[in-house]
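Those protein sequences? They're chains A and B, same order as listed.
To convert, take the position in the first sequence, counting from 1, and add 11; that gives the working numbering.
To convert, take the position in the second sequence, counting from 1, and add 22; that gives the working numbering.
Read the structure below first, then the notes.
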Amino acid sequence: MVDTKYIGINFNYYRPETLKEVLKRLQEKGSRILAGGTDLLVRIKTETEKPAIIVEITGVKELHILEMRNELILGALVKLYEIEKNDSIKNTYPSLHEAVKSIGGTQIRNMATLTGNLCNASPGADSAPPLITFGAQVEIKNLSKKGEIVNRIILLEDFFKGPGKTVLEPGDILTRIIVPEPDKNTGSAFKKLSRVNLDISKISCAVFLERDGNIIKSIKIAVGAAAAIPVRAFYTEEALTGTIFNMNKMQAALNLIRDDISPVTDVRSTAEYRRSVAPVLVRDALGLAWKRAGGDALL
Amino acid sequence: MRIPISIMVNGKNYNLQVKPNELLLNVLRENFSLSGAKYGCGIGECGACTVLLNGRAVLSCLTLAVSANGQEITTIEGLSDGNKLHPLQESFIEEGAIQCGFCTPGMILSAKALIDEKPEPLNSEIKEAIRGNVCRCTGYISIITAIKAGAKK
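Given below as structure tokens:
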């Protein structure tokens, strides 16, 4: 068993103050970005990761940005507690707020960044499902061969490639998350099941929908910890789109969630359990999102 | 590689040199002989290593000492004013909220961060604030009572 009292490996440490210097350091072999440290330092201590160079990015001012005008912009260094304490985010993006609030304990949320939660790419990363349903994008930067900063923006939905794997290549940094402003008559909600309430999810679900009278005009559902990556529930979405909201008549559509996910059995839960509870979790999130969109959830 | 850092610990400024892989917890315990923060799980699950960084509760076992450069750190040793205990320390004693004492420094610091922000916390807010601090002796009832009493002092 590894001793987690000390860090057993040696590395060089740099804390650049500009993005360009960060990107230059990231070109060096064995470099690794340090932001909140709550995931990276655990992996270094348990020697599942052995970086040669740590590039702490907390000195780069522009990465601290948290701005909400039309869209919401969250820089790579925005910590979970900043989202938790932000009333505008709570009101406009309630599912994101609920998800962030459910992560870890106070200390973890004081340290960890939202971007870190995404880049760590745990299939159960709680912040991913709500951001996916809002159609969030991520901005990624790296250095070209000429040494210029190159920018690309992709949908968060296309960001995850597998457990612990994302589209990020060596030399890349995720600089900001961009979340579109929800239209009127929309509502969102996040639900998760875990053993105790600060625990990692057995399964999680976010719903974002648009209401037109008593009809679900459009809906996006994303599920966490139920496949190798956070996934959209396309079958369920399709079956629910354009239907009249009625809890008693939606069960067949909700059961389609079992075809949308591909859960495995692991330390936190079994595949069978995850499949069994998924429709219930979606139902709960759907009811709450509907209510938040101004609908009558008792239907 | 050794890196010079300047940190404020319990109200005093210090300049020192640390290695990149040194943890804040070990620097506080070994260089400063401040043994209040404890090594518990080492992976961010127990909260025994909690200290305040610029007033917010953080885990010193998952913080590099170099990352604390230029920041203010408060440990449990920094709470009392000479011989006068902090109100939370008094209330923990009065309410019998301590048995083995291993979780107590972290528990009190988490509570301090809470009452600095919310002087009259609700029970639910107290529970939320100490969610990341594990106690295996007293149970949490007397701890919650002590935090409520300390906040009123």
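Backbone N, C-alpha and C fix where the C-beta goes; we use that ideal spot for every residue, glycine too.
Predicted, not measured: the structure shown is a model, and the values here were computed from it.
Check                                                                                                                                                                                   : Outcome
Suppose contacts are defined by Cβ-Cβ distances below 8 Å. Is G86 of chain A in contact with L77 of chain A by that definition?                                                         : yes
Listing by chain order, which chain A residues have their CB less than 7 Å from the CB of P42 of chain B?                                                                               : F22, N23, Y24, I65
Can you grab the Cα-Cα spacing for the pair C63 of chain B / T15 of chain A, in whole Å?                                                                                                : 7 Å
Taking C-alpha atoms, which residue in A:E82, A:A282, A:L34, A:P290 lies nearest to I65 of chain A?                                                                                     : A:L34
Would you tell me roughly how many angstroms separate the C-alpha atoms of S113 of chain B and I169 of chain B, rounded to the nearest one?                                             : 7 Å
Look at A236 of chain A and K202 of chain A and say whether their C-beta atoms are less than 8 Å apart.                                                                                 : no
In whole angstroms, what is the alpha-carbon distance linking E139 of chain B and K175 of chain B?                                                                                      : 15 Å
Is G172 of chain B helix, strand or coil by DSSP?                                                                                                                                       : helix
So what's Y25 of chain A in DSSP terms, helix, strand or just coil?                                                                                                                     : strand
Assign S82 of chain B to buried or exposed, taking buried as 16 or more other Cβ atoms, counted over all protein chains shown, within 10 Å of its Cβ.                                   : buried
DSSP three-state call for D98 of chain A: helix, strand or coil?                                                                                                                        : helix
If you check the beta carbons only, do P18 of chain A and N43 of chain B fall under 8 Å apart?                                                                                          : Note that residue 18 of chain A is Ile in the sequence shown, not Pro. In contact: I18 of chain A and N43 of chain B (Cβ atoms closer than 8 Å).
In chain order, what residues of the same chain lie with their CB nearer than 6 Å to the CB of I151 of chain A, ignoring the 5 residues before and after it?                            : R163, D183, L185
Under 8 Å, CB to CB, which of the residues in the stretch 110–137 of chain A have a partner in chain B?                                                                                 : G115, G116, T117, Q118, I119, N121, M122
Give me, in chain order, the residues of the same chain whose beta-carbon lies closer than 6 Å to that of N266 of chain A; leave out the 5 immediate sequence neighbours on both sides. : P290
Taking the beta strand (DSSP E) that S229 of chain A belongs to, which residues open and close that run?                                                                                : 226–235
Would the stretch 290–307 of chain A and the stretch 219–234 of chain A be scored as touching if the rule is three or more Cβ pairs under 8 Å?                                          : yes
Quick one: what does DSSP say F114 of chain B is sitting in, helix, strand or coil?                                                                                                     : helix
With burial defined as no fewer than 16 other Cβ atoms inside 10 Å of the residue's Cβ, what is the status of F245 of chain A: buried or exposed?                                       : exposed
Should the stretch 35–52 of chain A be regarded as contacting the stretch 125–132 of chain A, the criterion being three or more beta carbon pairs within less than 8 Å?                 : yes
Would you kindly work out how many angstroms separate the C-alpha atoms of L154 of chain A and S42 of chain A, rounded to a whole number?                                               : 15 Å
Counting along the chain, where does the alpha helix (DSSP H) carrying G249 of chain A start and finish?                                                                                : What sits at residue 249 of chain A in the sequence shown is Glu, not Gly. Unbroken alpha helix (DSSP H) run through E249 of chain A: 245–251.
Assuming L47 of chain B and Y61 of chain B make a contact with CB atoms under 8 Å, what is their CB distance in whole Å?                                                                : 6 Å
What does the Cβ neighbour count give for P181 of chain A, buried or exposed, with the cut at 16 atoms within 10 Å?                                                                     : exposed
Counting pairs of beta carbons, one from the stretch 164–177 of chain A and one from the stretch 277–290 of chain A, are three or more of them closer than 8 Å?                         : no
Is there a C-beta anywhere in chain B that falls below 8 Å from the one on L52 of chain A?                                                                                              : yes
Counting Cβ pairs closer than 8 Å, one from the stretch 283–302 of chain A and one from the stretch 191–201 of chain A, do we hit at least three?                                       : yes
Please identify the residue among A:V13, A:P27, A:Q38 whose C-alpha is closest to the C-alpha of K157 of chain A.                                                                       : A:Q38
Closer than 9 Å between beta carbons: that is the criterion. Which residues of the stretch 131–151 of chain B meet it against chain A?                                                  : S132, A135, L136, E150, A151
Determine which residues share a DSSP beta bridge with Y36 of chain B and list them.                                                                                                    : B:I29
Measuring straight from C-alpha to C-alpha, what distance separates E147 of chain B and I255 of chain A?                                                                                : 39 Å
Helix, strand or coil for V293 of chain A? Go by DSSP, reduced to three states.                                                                                                         : helix
Give the DSSP-derived three-state secondary structure of Q148 of chain A in the structure shown.                                                                                        : strand
My parser needs the beta strand (DSSP E) runs of 3 or more residues fully inside the stretch 82–109 of chain B; what are they?                                                          : 94–96
Leaving out five residues before and five after D169 of chain A in sequence, what residues of the same chain have Cβ atoms less than 8 Å from its Cβ?                                   : V178
Just the Cα atoms here: how many angstroms apart are E58 of chain A and I160 of chain A?                                                                                                : 32 Å
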